[in-house]
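Following: one structure in structure tokens, then a few remarks.
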Amino acid sequence: MFAAGGGMTDHKQTLGYLSAQLARQLSNRLREGLIPLGLLPAQFTALAEIARDEGLTQKQLVERLGLEQPGVARTLSGLEAMGWIERKTLKGRAQGLYLTPRAREALPRAYEVMAEIDARALRGLTRTERAHLLDALGEVIGENKAV
Numbered sequence: 035m036f037a038a039g040g041g042m043t044d045h046k047q048t049l050g051y052l053s054a055q056l057a058r059q060l061s062n063r064l065r066e067g068l069i070p071l072g073l074l075p076a077q078f079t080a081l082a083e084i085a086r087d088e089g090l091t092q093k094q095l096v097e098r099l100g101l102e103q104p105g106v107a108r109t110l111s112g113l114e115a116m117g118w119i120e121r122k123t124l125k126g127r128a129q130g131l132y133l134t135p136r137a138r139e140a141l142p143r144a145y146e147v148m149a150e151i152d153a154r155a156l157r158g159l160t161r162t163e164r165a166h167l168l169d170a171l172g173e174v175i176g177e178n179k180a181v
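Residues 35 to 181 in the working numbering are what the sequence shown lists, from first letter to last.
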């Protein structure tokens, strides 16, 4: 890669490379932590969002997660088949998504796993540095959604 001044830039020092590496590491740790609960990271993400607003529709979940509809549909079908969620018909034909007792019981531990992974990843930073990092990443993500 060429820098603005015409010189070479180390690709390993780019946001894209570093964020991909970090995402892979965190995803692997989350997967390892959730396996004993019988969950995968994508399933946990869907359950956590449903827990925030039970009764939301699949369409609303797709919008909130910013993911492709077919992938979310597969995740929800799996969660339903494994007894993590249930769908209830709302007004009209739309179906709301609800947690089952199994999900309500497992979610607190899943949140603990996520918090432990975050704490481990950020342990070398001060509280202020953590806050700045998370704010900056949120801004970068927000800017890239607009593009």
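Ideal Cβ placement from N, Cα and C applies to all residues, glycine included. Keep in mind it's a predicted model, so treat the numbers as computed, not measured.
Query	Result
How do the segment 142-159 and the segment 113-121 stand: do at least 3 beta-carbon pairs fall below 8 Å, yes or no?	no
Just to check my reading of the structure: Y132 and K122 have Cβ atoms closer than 8 Å, yes? What is that Cβ distance to the nearest angstrom?	6 Å
Counting pairs of beta carbons, one from the segment 132-144 and one from the segment 81-97, are three or more of them closer than 8 Å?	yes
Using three-state DSSP, classify E177 as helix, strand or coil.	helix
By Cβ distance, which residues of its chain are closer than 6 Å to F78, with the 5 residues on each side in sequence left out?	L68, A144
Going by the beta-carbon positions, is the gap between K179 and G100 smaller than 9 Å?	yes
In whole angstroms, what is the alpha-carbon distance linking W138 and G105?	Here residue 138 turns out to be Arg, not Trp, going by the sequence shown. Cα to Cα, the separation comes out at about 23 Å.
Here's the rule I'm using: 16 or more other beta-carbon atoms within 10 Å means buried, otherwise exposed. How should A80 be labelled?	buried
Measure the alpha-carbon distance for A153 versus R127 and round it to whole angstroms.	43 Å
Between V174 and the rest of its own chain, which residues show a CB-CB distance below 8 Å, the 5 nearest in sequence each way excluded?	L49
On the three-state DSSP scale, how would you describe F36?	Reliability fails at F36, whose pLDDT of 49 lies under 50, so the model's placement of it is uncertain and the value that follows must be treated cautiously. Reduced to three states, the DSSP call for F36 is strand.
Which term fits T162, buried or exposed, when burial requires 16 or more other beta carbons within 10 angstroms of its beta carbon?	exposed
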